[in-house]
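Participant: When we follow the numbering used here, the leftmost residue of the sequence shown carries the number 89, and every step to the right adds one.
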Amino acid sequence: MASELTEEELQFVQSLFEHAREGRTGPLTEALDAGVPVNLTNTKGDTLLILAAYHVHLDTVQALLERGADTSRVNDMGQTALAAAVFRQAEPIVTALLEAGADPEEGPKSAVAIAEFFNLPEMAKLLRAR
89 MASELTEEEL QFVQSLFEHA REGRTGPLTE ALDAGVPVNL TNTKGDTLLI
139 LAAYHVHLDT VQALLERGAD TSRVNDMGQT ALAAAVFRQA EPIVTALLEA
189 GADPEEGPKS AVAIAEFFNL PEMAKLLRAR
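Printed below as a string of structure tokens:
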């Protein structure tokens with residue numbers, strides 16, 4: 089039987105997702121370097137990488153990638169970090185994720201599908217260039 093987190097532990101875990109959303113790379117990487125799993129996932133299936141990409145925090149995305157964040161993780165809505173970055177039209181993050189091996193076709197709502205659905209020709213071009 090899995091043990092429940094204490095209130096303090098739960099607050100700590102929640103703070104990690106806030107760090108990713110807010111681009112607070114220092115505290116986030118400190119926790120990761122101390123042993124927190126880089127592919128930690130919240131109740132919606134979002135990883136730290138998906139949140140950092142969606143909220144357009146390049147430094148945080150790069151730090152997560154350097155620590156082995158999985159670019160192929162798909163959240164409960166069928167999106168990857170790459171799809172989130174394409175939606176936000178965050179070219180530097182899209183480029184970083186592609187260079188890290190992210191698959192533009194990954195997930196039910198793939199980066200390619202997002203670019204097509206939202207008519208984002210610059211993002212589609214960037215995805216095709218890889």
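Even for Gly, the Cβ is constructed at its ideal location relative to N, Cα and C.
Are the stretch 136-145 and the stretch 162-177 touching by the rule of at least three beta carbon pairs closer than 8 Å?
Facilitator: yes
Participant: Would you check if the distance between the CB atom of residue 144 and the CB atom of residue 185 is smaller than 9 Å?
Facilitator: no
Participant: Could you pull out every residue in the same chain whose Cβ sits closer than 6 Å to the Cβ of residue 109, ignoring the five residues on either side in sequence?
Facilitator: 139, 143
Participant: Have a look at residue 167 and residue 103 and give me their C-alpha separation to the nearest angstrom.
Facilitator: 22 Å
Participant: In whole angstroms, give me the CA-to-CA distance for residue 121 and residue 98.
Facilitator: In a straight line, the C-alpha of residue 121 is about 19 Å away from that of residue 98.
Participant: Spatial neighbours of residue 218 within its chain, please: CB distance less than 8 Å, with the 5 preceding and 5 following residues excluded, ordered by chain position.
Facilitator: 186, 192
Participant: For residue 175, does the count of other Cβ atoms within 10 angstroms reach 16, so buried, or fall short, so exposed?
Facilitator: buried
Participant: If you draw a straight line from the C-alpha of residue 151 to the C-alpha of residue 113, how long is it?
Facilitator: Distance from the CA of residue 151 to the CA of residue 113, rounded to the nearest whole angstrom, comes to 7 Å.
Participant: Do you know offhand how far residue 96's Cα is from residue 214's?
Facilitator: 43 Å
Participant: For residue 157 and residue 198, which I take to be in contact (beta-carbon distance under 8 Å), what is that distance rounded to the nearest angstrom?
Facilitator: Not confirmed; about 18 Å, so no contact.
Participant: Taking DSSP as the reference, what is the three-state secondary structure of residue 131?
Facilitator: Secondary structure of residue 131 (DSSP, three-state): coil.
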